[in-house]
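Everything on this sheet refers to the single structure shown next.
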Amino acid sequence: MEVKSTLELGGWLWIGTAAGLLRWNPESGTAATAEPIPGWQGIEVQALAANGDRLVAATYGPDGAAITRCDADGVPGERIAPPPGEKVKTLAACGGTLWIGTKRGVFRHDGQGWNHVFGAEGKAELLRLWHRGDRTLVGSVKKLAPDDRPTLIESADDGDSWTVLPQPDYQDLVLAAAGGSIITRWRGARPIGKRAGYKKHPITAGLIAADGTTAVVDGDKLEIARPGAAKLAAYHPAIAEAEHLHLVPGGAVVAGAQGAWRFEPASGTLTDLLPAHGLDRRPGKLKRLFLLDGALLGTTTFGTFRSFDDGVSWERADSEWWVLDAEHAARGAAGRWWIACQRGLFRTDDRGARIDYHKIKVDGPHYAELRALAVAGDRVAIGTKQGLFVNRPSEDPERFVRVEAFGTGAVEALACDRSDGTLVVGTAAGTLWRWDWATAPQSLAEMPIGESAMLAGNGVAWLACGDRLTELRGRALTDATPPDAKGEIHLTEAGDRLFVWDGQGAWMRHREGRDWTAVAGWPAGVRHVAIDSARGVALATDRARLFRIAL
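Take 1 as the starting number for the sequence shown in UniProt numbering and just add one per residue.
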């Protein structure tokens, strides 16, 4: 049961999930679990806010989206529809006024309807809204036009006017702000206006208490800093990437895609707060599939699992981060596999039985997020939102350096040409490059490049972007899209063949060929594929089901 929102109110910790609303008493002891609130089953609770001693929730249910006012026990009352076309990301309330944050800014409802009070001039994607005092409204903006930088906004007059404090670093999101202090994703806790060093990996949750105590979730580490005391740090794989954090007697509650857990640092005790209410630890929504030398790795909303029987049965991969969300995998030297997630790089030497976090140590601006991965032996290249980074295995296996020739723009596609070990690099600026890891890269072609899948071999590269498959030979670009393909194109390899699919069909051809062969019996809606060339089998998922198709 994925936790979408949490709120401390009336002595309870309220927990909004993808399937209902629950509450938990922090004084109830380690054995107690959260109790479901009647009338909320099957309703997604996206955001929670306090209106005095009453609860307000942004919900999605069978009757559509609503802002729901509740009584002190969580019983739903008045429902207000959000502005047409707006998806509520965050919520605040005070008196009779409501504020919501969406991808387009802040909207205010004073009983007479909605007004767009921040972001009407351009994109302002809100991450969080909260109240401080009677009329002061504070917001964390994920992306503010025109340069998509994270921003802290504040209004002392109920949203009529705003003070805007952009953050200097791309994606250094504001996670908490109070009493002149701030916690951001990449630089952690510090006074507002001060700078600090970069973290090794991004902070995903943070809080600032009234007494000045700060707490953060930093990878798989919970760190608590109380005024005048030494920092407390404790580790557990269930903590990793939690998005909600609350200090409670004896420890903390962390919550997110992994559910909700009480963690006691002194003893290392971990208590599941939602065990009796449908929390399923098995893979449910399959997102991506990878074959690691015969071991099938399946990425789900909750984490990564492993199967040796084509997905009939699964076991959770033993990873430093339970919520490991693998997006790319590439084989390196001596059977080591590298796994890239959006927020970090991992490695496994035993086909996923044990997956360890691999710190990315960089000098200068951070990598923001990982977008692509390519491996040649023990050399690892990662395409990021802030450029291309490569490791230096002979010096420090965790040290990565930016390849300055590609600048600080996003790298959206990477492939290693196994015939000569060179890299083909696709940048968001729209340029394809070939690079030998040492000398100046060679510009090959100009074309639109979003986040793309790319393969390379024998001097040829294939790039799947949007509804088109492009072949690059030398500097010549050719449209290689299967004639029957009609939607977004996806690409992988099946031995010496290219394998392409869209939402309706799949096709194969030899790398040096021209004619495509349709795959018989291909199911509609496939989102990701892993190919077992030795057995002639494709394993595919539409996120709800797993298919085994003979090739």
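The C-beta atom is built at its ideal place from N, Cα and C for all residues, glycine as well. Nothing here was measured: the structure is a model prediction, and the numbers come from that model.
If you look at H490, you'll find it in the beta strand (DSSP E) that goes H490 to A494. Counting C-beta pairs with one atom in each stretch, the segment 152-163 and the segment 129-139 have three or more that are closer than 8 Å, which means they touch. For F308, the number of other beta carbons within 10 angstroms of its own is below 16, and it is reported as exposed. The segment 425-439 and the segment 391-400 do not touch, with fewer than 3 CB-CB distances between them shorter than 8 Å. Residue pairing by DSSP puts N51 in a beta bridge opposite R54. In this structure the segment 115-123 does not touch the segment 68-79; the number of beta carbon pairs closer than 8 Å is below three. Sixteen is the threshold: when 16 or more other Cβ atoms of the shown chains lie within 10 Å of the Cβ of K142, as they do, the residue is buried.
In the DSSP annotation of this structure, the continuous segment of the beta strand (DSSP E) that includes I183 starts and ends at S181 to T184. The DSSP assignment places complete beta strand (DSSP E) segments of no fewer than 3 residues inside the segment 424-451 at 431-435 and 442-446, in order along the chain. Assigned with DSSP and collapsed to three states, A205 falls in strand. Bounds of the beta strand (DSSP E) holding I153 are R149 to S155. Around the Cβ of V390, a 10 Å sphere holds 16 or more other Cβ atoms; the residue is buried. Judged by their CB atoms, V88 and G159 are not nearer to each other than the 8 Å cut-off. Under the Cβ criterion (8 Å, minimum of three pairs), the segment 340-353 counts as touching the segment 286-301.
If you draw a straight line from the Cα of D467 to the Cα of E488, it is about 4 Å long. Residue pairing from DSSP places P76 in a beta bridge opposite C70. As the crow flies, the alpha-carbon of L48 is around 30 Å from that of A266. Secondary structure at G101: strand, using DSSP grouped into helix, strand and coil. Taking every protein chain shown into account, the CB of Q442 has fewer than 16 other CB atoms within 10 angstroms, so this residue is exposed. Looking at the DSSP output, M508 shares a beta bridge with F499 and T517.
Contact check for E264 against G251 passes: the beta carbons are separated by less than 8 Å. By the Cβ rule, the segment 439-456 does not count as touching the segment 478-486, because fewer than three pairs are nearer than 8 Å.
Secondary structure within the segment 110-152: not one fully enclosed alpha helix (DSSP H) run of 4 or more consecutive residues is present. Boundaries of the beta strand (DSSP E) around H244: H244 to V248. Taking C-beta separations shorter than 6 Å and ignoring five residues to either side along the sequence, the partners of I224 in its chain run A215 and L232, following chain order. Annotation for S307: the continuous beta strand (DSSP E) segment containing it runs T304 to S307.
In the same chain as S452, and ignoring 5 residues on each side of it, the C-beta atoms closer than 7 Å to its own belong to E412, A413, G426, L463, A464 and C465, in chain order.
Bridge partners of N391 according to DSSP: F400. Secondary structure of G335 (DSSP, three-state): helix.
The three-state secondary structure of A229, taken from DSSP, is coil.
Residue burial is scored here from C-beta neighbours: D211 has fewer than 16 other C-beta atoms within 10 angstroms and is therefore classed as exposed. In the DSSP secondary-structure assignment, V106 is bridged to G101 and F118. When secondary structure is reduced to three states using DSSP, A405 falls in the helix class. Of all alpha-carbon atoms in R402, P393 and G364, the one lying nearest the alpha-carbon of I382 is that of R402. At the C-beta level, A120 and A145 stay beyond 8 Å of one another.
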